[in-house]
Amino acid sequence: MEFKKHVPEPVQPGNPHKLVRKQHVFPHASIKRFYGSNGTVAVAFTHENRIVHRLHGNHDLFCANRVWDQRAESGYMAQIEREFQFLAGRILQNDRTWWALGHTVIGAFYALWHQRAHYAANPVPPAELKAVSPGSGLTIDEKERLESHHALYVDEACRIPSRQMTGMRIQRAIDSTLHQLRDVRWFICHAAAGTGEFLVPDRPSTLHIPLSPTVTLLGNMELPYADAATIRLLNLTSIAGSRRFAFARDLATCFPR
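Counting with my numbering, you get residues 104 to 360 for the letters of the sequence shown.
Here it is, written out as structure tokens:
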């Protein structure tokens, strides 16, 4: 599917209401776990046979540009991320205390990543309303203040803005995806010592969530350790399902033989 150009509505100079404009599809906290020694990741453009050697986790490539609203970004999305990052941290510390709650948390994160990747490329158009008075008296500051407090509004064209519609659509889609994942059981998989490393696609296409270069989560696949052939297969599958790119700590280690 072709990536669509999205032109976001600009914020006021100085962004006084601290609205998030660069919205990570895959969380920055997760990207950082794949940093090399210089604080960057290696990126490959999967359908162009082109490699950008190192990029920081805040690079525009990893972000949507104000595609969803602040209610989504710092509301339900932030809650899903917080719960997942806590669990991921425990897993990487070999602490399974919270694993009984893990399946729900992981499923929610998978749904979030999946839907953010989709809607980053396919923002929802504004919703035109009938028989509703437009918000013609709202200034830009008032609109931003409302958004910063997670409120919706109707603009002067009698529309609900694209980013608010997108935020609501993602939330509904996450609920639907979670229902589809209700019977999925997640398992922790480690790269066997001296074999290779996992990479991260720009969108999930299989039940596979890399946590670090050597630890990943697999849905409905109990595989405590992945050998070189399995790592290669998982990475090739991830690349085949990506839309534009994949990244890793070191791409040279991702396709062991």
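Cβ coordinates follow ideal geometry from the N, Cα and C atoms, glycine included. Computed from a prediction, not measured in an experiment: that's the story for all the values here.
Going by C-alpha positions, Val318 is about 11 angstroms away from Phe137.
Taken atom to atom, the span from the alpha-carbon of Phe350 to that of Gly240 is near 46 angstroms.
Taking 8 angstroms as the cut-off, the beta carbon of Gly270 is found closer than this to the beta carbon of Trp171.
In this structure, the alpha-carbon of Phe189 lies about 31 angstroms from that of Thr149. If you check the CB distance, Ala331 and Gly299 come in under 8 angstroms.
Under DSSP, Ile154 forms a beta bridge with Ala147. Within the model, the alpha-carbon separation for Ala203 versus Arg275 is close to 26 angstroms. Listed in chain order, the beta strand (DSSP E) elements of length 3 or more contained wholly in the region 283–335 are 289–294, 311–315 and 318–322. Counted as a single uninterrupted DSSP element, the beta strand (DSSP E) harbouring Gln126 occupies residues Lys125 to His127. Within the same chain, and ignoring the five residues on either side of Asn338 in sequence, the residues whose Cβ sits closer than 7 angstroms to its Cβ are Phe301, Leu302, Cys357 and Phe358. Within the same chain, and ignoring the five residues on either side of Val155 in sequence, the residues whose Cβ sits closer than 6 angstroms to its Cβ are Val146.
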